[in-house]
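The structure appears below as structure tokens.
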């Protein structure tokens with residue numbers, strides 16, 4: 001036998017393999033002794049021990065974990081556990097770059113909007129720069145929907161996340177303004193990327209997606225109020241879409257006009273009404289710090305937004321205005337006609353807005369992920385939400401939105417587990433309908449385990465399935481880390497029966513209080529079988545149950 005190699009004779013690849021093996025050995029020892037371990041410290045120390053300048057990648061460490069330790073070690077190694085804390089792996093995809101639809105009648109795009117085929121960032125989609133993580137993944141895949149999905153799902157798997165349940169977000173301008181054949185091709189490929197089947201049309205893709213191992217639990221489409229009319233909503237229902245993100249930006253008519261939005265605020269209210277009556281969850285994009293608004297008027301518009309029944313969205317994405325080269329706003333800023341809030345004033349404003357959010361609304365984002373070097377003026381901190389929450393603590397206020405209270409996020413940030421769980425009911429009026437927000441919560445610790453949004457459809461509902469005394473469940477979600485649809489993990493909250501109990505209460509309210517004969521559910525394609533087990537049948541795009549049929553009590 002030859003002599004063993006000295007460390008100096010080993011190649012970099014061999015040293016890296018030895019480093020990874022050593023890191024895993026330390027992780028296994030720490031697990032067996034019941035100790036917590038700081039992975040970054042271990043990687044730094046072990047890399048130095050083997051004389052390596054670069055640290056081993058997390059993907060390589062996860063791939064090398066022995067099979068008998070995968071179940072216990074991979075959850076500890078998971079990169080960005082927040083990604084799947086809500087119980088779902090979100091896959092953002094982008095459609096091809098196209099011009100903004102309202103250019104044809106307003107002559108230009110919105111004053112703050114970067115990107116698009118005519119911009120300085122010409123290979124990017126409208127309202128994106130091409131340097132956001134999602135944009136870069138889309139450009140690498142040449143905007144191919146199939147490749148974008150496969151690459152992202154594989155990437156999440158390698159980082160230790162469960163991709164048993166996937167929710168798509170279709171980004172990149174106004175998707176519903178694109179030609180119908182392109183939209184069908186795009187949605188078909190999203191479903192096919194999960195099921196592995198090659199479909200000829202959307203209906204076939206949806207049929208196979210229902211039976212896929214990786215379930216599509218929902219599709220979110222970004223749109224504008226003028227592309228959220230009856231025909232658009234019907235198309236989106238056929239795609240398997242369950243949530244809409246509608247660009248509102250401001251509730252002031254003069255601001256919408258000055259920023260060249262190309263639609264009125266009344267159109268926003270009408271689109272919210274139509275969308276909720278079709279069963280969609282509605283998430284609004286809002287932009288504080290727009291020109292000619294000012295701090296107090298900004299706060300006033302959010303009070304109006306959450307209290308006026310004509311708005312009251314289910315979710316909110318808060319995008320403070322950014323000044324980016326090549327936009328109309330950049331010219332105003334350069335000539336001194338527009339000035340952003342100071343960083344401290346912006347944190348104050350976001351803190352005041354978050355304090356206004358009702359407990360049935362979820363704040364999805366608090367800023368765009370446009371890289372800071374591209375921003376000439378505007379948000380200066382990458383962690384605006386954290387700073388705003390810290391400011392709220394100083395002010396003695398609290399953020400009680402869904403995301404702050406959900407069990408998966410609470411576990412990650414505060415390591416608390418709910419133990420006193422009860423059913424909480426909140427009723428409110430929004431967009432011409434009676435809304436009931438049911439949730440299982442630990443009121444003592446203010447932690448949310450699961451929620452259900454129930455709506456008594458208004459007489460103006462345009463879908464034939466929802467006419468004549470029908471209530472609709474617009475969302476059912478049990479939080480906590482992803483648990484595969486067929487498994488039960490006693491330490492996690494998904495699949496412990498909370499969803500079933502919420503549905504039973506919704507059926508009771510629909511029958512006894514709404515006086516509805518039927519209850520419909522807008523269900524993600526991959527979760528339809530869950531409702532079939534409870535006696536629901538597919539009627540058009542909805543899962544529907546007759547509440548007065550024998551055995552429906």
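In the UniProt record's numbering, the protein residues as written are 1 to 553. Cβ coordinates follow ideal geometry from the N, Cα and C atoms, glycine included.
Per the DSSP secondary-structure output, residue 518 pairs in a beta bridge with 470 and 546. By DSSP's assignment, residue 440 forms a beta bridge with 423 and 450. In this structure, the CA atom of residue 540 is about 17 Å from the CA atom of residue 219. Bridge partners of residue 475 according to DSSP: 453.
The region 87–101 and the region 153–170 touch, with three or more beta-carbon pairs separated by less than 8 Å.
Taken through DSSP and simplified to helix, strand or coil, residue 526 comes out as helix.
Of the residues 544, 525 and 479, the one whose Cα lies closest to the Cα of residue 506 is 544. In this structure, the straight-line span from the alpha carbon of residue 305 to that of residue 361 is close to 12 Å. Between the beta-carbon of residue 95 and that of residue 178 there is about 6 Å, and that keeps the pair under the 8 Å contact cut. The Cβ neighbour count for residue 464, taken over all protein chains shown within 10 Å, is under 16; the residue is labelled exposed. Pairing residue 442 with residue 424, the inter-Cα distance amounts to about 9 Å.
Boundaries of the beta strand (DSSP E) harbouring residue 92: 89–94, taken from the DSSP string. Counting other Cβ atoms within 10 Å of its Cβ, residue 51 stays below 16 and is therefore classed as exposed. DSSP lists 317 as the bridge partner or partners of residue 365.
Residue nearest to residue 47 within the set 36, 32, 13 and 28 is 13 (criterion: CA-CA distance).
The region 144–151 and the region 114–133 do not touch, with fewer than three beta-carbon pairs separated by less than 8 Å. By the neighbour-count criterion, in which 16 or more other beta carbons inside 10 Å mark a residue as buried, residue 27 falls on the buried side. Within the model, the alpha-carbon separation for residue 405 versus residue 365 is close to 15 Å.
Boundaries cannot be given for residue 251, as no beta strand (DSSP E) includes it and DSSP labels it neither H nor E. Within the region 4–56, not a single complete beta strand (DSSP E) segment reaches 3 residues in length. The three-state secondary structure of residue 499, taken from DSSP, is helix. The C-beta distance from residue 547 to residue 517 rounds to 6 Å, short enough to fall under 8 Å. Straight-line spacing of the CA atoms in residue 403 and residue 478 works out to 12 Å. Straight across, the Cα-Cα distance linking residue 312 with residue 430 is about 6 Å. Residue 314 is positioned such that its CB atom lies no closer than 7 Å to that of residue 265. Taking C-beta separations shorter than 7 Å and ignoring five residues to either side along the sequence, the partners of residue 139 in its chain run 123 and 130, following chain order.
Restricted to the region 185–273, the alpha helix (DSSP H) segments that are unbroken, complete and at least 4 residues in length are 202–210, 230–239 and 253–258, listed in chain order. As the crow flies, the alpha-carbon of residue 217 is around 13 Å from that of residue 195. Looking only at 19, 351, 207 and 330, the smallest Cα-Cα distance to residue 400 is reached by 351. In the DSSP assignment, residue 284 falls within the beta strand (DSSP E) that extends over 281–286. In terms of Cα proximity to residue 452, the closest of 466, 330, 427 and 468 is 427.
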